[in-house]
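Residue numbers for the sequence shown follow my numbering, beginning at 47 and rising by one.
Beta carbons: idealized from backbone N, C-alpha and C, even for Gly.
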Amino acid sequence: MTKSDVQLQRDVIDELRWDPAVGPSEVGVAAKDGVVTLTGAVSSVAMKFAAIHAAERVAGVKALAEDLVVDVPSNFKRSDTEIAHAAVNALKWNVEVPSDRVKVRVDDGWLILDGELDWEFQRAAAVKAVRSMTGVRGVTNNLKLKPHAFAPDVRDRIQNAIKRSAEVDSKRISVEAINGRVILRGTVRSWAERQDAERAAWSAPGVTAVDDQIAIRVPVTVP
Numbered sequence: 047m048t049k050s051d052v053q054l055q056r057d058v059i060d061e062l063r064w065d066p067a068v069g070p071s072e073v074g075v076a077a078k079d080g081v082v083t084l085t086g087a088v089s090s091v092a093m094k095f096a097a098i099h100a101a102e103r104v105a106g107v108k109a110l111a112e113d114l115v116v117d118v119p120s121n122f123k124r125s126d127t128e129i130a131h132a133a134v135n136a137l138k139w140n141v142e143v144p145s146d147r148v149k150v151r152v153d154d155g156w157l158i159l160d161g162e163l164d165w166e167f168q169r170a171a172a173v174k175a176v177r178s179m180t181g182v183r184g185v186t187n188n189l190k191l192k193p194h195a196f197a198p199d200v201r202d203r204i205q206n207a208i209k210r211s212a213e214v215d216s217k218r219i220s221v222e223a224i225n226g227r228v229i230l231r232g233t234v235r236s237w238a239e240r241q242d243a244e245r246a247a248w249s250a251p252g253v254t255a256v257d258d259q260i261a262i263r264v265p266v267t268v269p
């Protein structure tokens, strides 16, 4: 049976409390027809992402809206210069990020990353490397992907990668690939399946954009 709004709200609240990465925080949770909204304040960007991922893990969540504000405690605040130096070092020590191709700007604790990389996993790694730093209020990812030759069989490669995933029912997902842009359509049962399909699309050579239109359809069980 599909969860009620009250049950889904309770499950998300319990998952937030269960996850030690979220910790004690003032996160409000609302649920309506499978759409969960997170509001309130957290003390770090890392905690914000932890709260988002915790909510995504809950069965029955079809979509997620978040309006979480990062309010850095006074004893953890750092100057923009300190944050900039720390970000440069964090990127330099991350083997997944070609740090010489990433430029860092800081404005009132907010990090902006600029540059051009080859792969989506490098962009994701760059953000992950700096978002957990002390004093960071947020991260804007302006990193672009360098255009590469778009493999003619990229659609087949992506569909085969999706088929190899134990979590995803590939028959429910369609792939369209045009000039470096991939469009994913269909339905899955959870956020985890949706993310696996999107990750498979980003892993194909020449992909510079992924338009994920996959919907999450929660299975209805009959008691």
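Can you tell me which of the three DSSP states S271 falls into? Limits of the chain in this structure are 47 at one end and 269 at the other, which puts residue 271 out of reach.
Jot down the residue ranges of each uninterrupted alpha helix (DSSP H) in the segment 80 to 155, minimum 4 residues, whole runs only, in chain order. Complete alpha helix (DSSP H) runs here, min 4: 91 to 103, 126 to 138.
Assess contact between the segment 120 to 140 and the segment 92 to 110, defined as three or more Cβ pairs (one per stretch) separated by less than 8 Å. Is contact present? These segments do not touch.
Per DSSP, what are the beta-bridge partners of N188 in this structure? N188 pairs with D160.
Please go through the segment 208 to 248 and give each complete beta strand (DSSP E) segment of 3 or more residues, from N-terminal end onward. The qualifying runs are 219 to 224, 227 to 234.
Enclosing beta strand (DSSP E) for K49 [first to last residue]: Premise fails: K49 is in no beta strand (DSSP E) and is neither H nor E.
On the DSSP letters alone, give me the boundaries of the alpha helix (DSSP H) that A171 sits inside. Residues 166 to 177.
Nearest neighbour of N135, chosen from A175, V200, V264 [CA to CA]: Looking at A175, V200, V264, the one whose alpha-carbon comes closest to that of N135 is A175.
At a cut of 8 Å, does the segment 176 to 183 reach the segment 146 to 166 through at least three beta carbon pairs? The segment 176 to 183 makes contact with the segment 146 to 166, as at least three CB pairs between them are under 8 Å.
DSSP state of D258, grouped into three classes? Three-state result, D258: strand.
Where S50 falls, given that 16 or more other Cβ within 10 Å makes a residue buried: Here S50 is exposed. Its C-beta has fewer than 16 other C-beta atoms within 10 Å.
Can you check whether the CB of L114 is closer than 9 Å to the CB of L84? Yes, the pair counts as a contact, with Cβ atoms nearer than the cut-off.
Within 8 Å, do at least three Cβ pairs link the segment 191 to 204 to the segment 213 to 232? Yes, since at least three Cβ pairs between the segment 213 to 232 and the segment 191 to 204 fall closer than 8 Å, the two stretches touch.
Tell me the DSSP secondary structure of V73 in three-state form. Residue state, collapsed to three classes: strand.
Report the CB separation of S218 from V264 in whole angstroms; it is logged as a contact under 8 Å. Residue identity differs from the one stated: residue 218 is Arg in this sequence, not Ser. The pair is not a contact, with the Cβ atoms about 14 Å apart (cut-off 8 Å).
Cutoff 7 Å; reference A187; Cβ partners in own chain excluding five residues on either side: Position check: residue 187 holds Asn in this sequence, whereas Ala was assumed. Closer than 7 Å at Cβ, skipping near neighbours: L159, R169, V173.
Around the Cβ of R210, are there at least 16 other Cβ atoms within 10 angstroms (buried) or fewer (exposed)? With a threshold of 16 other beta carbon atoms within 10 Å, R210 falls short and is exposed.
If E162 sits next to R147, beta carbons under 8 Å apart, how far is it from one beta carbon to the other, in whole angstroms? About 6 Å separates the CB atoms of E162 and R147; that is less than 8 Å, so the two are in contact.
With burial defined as no fewer than 16 other Cβ atoms inside 10 Å of the residue's Cβ, what is the status of V52: buried or exposed? V52 is exposed by the Cβ-count criterion.
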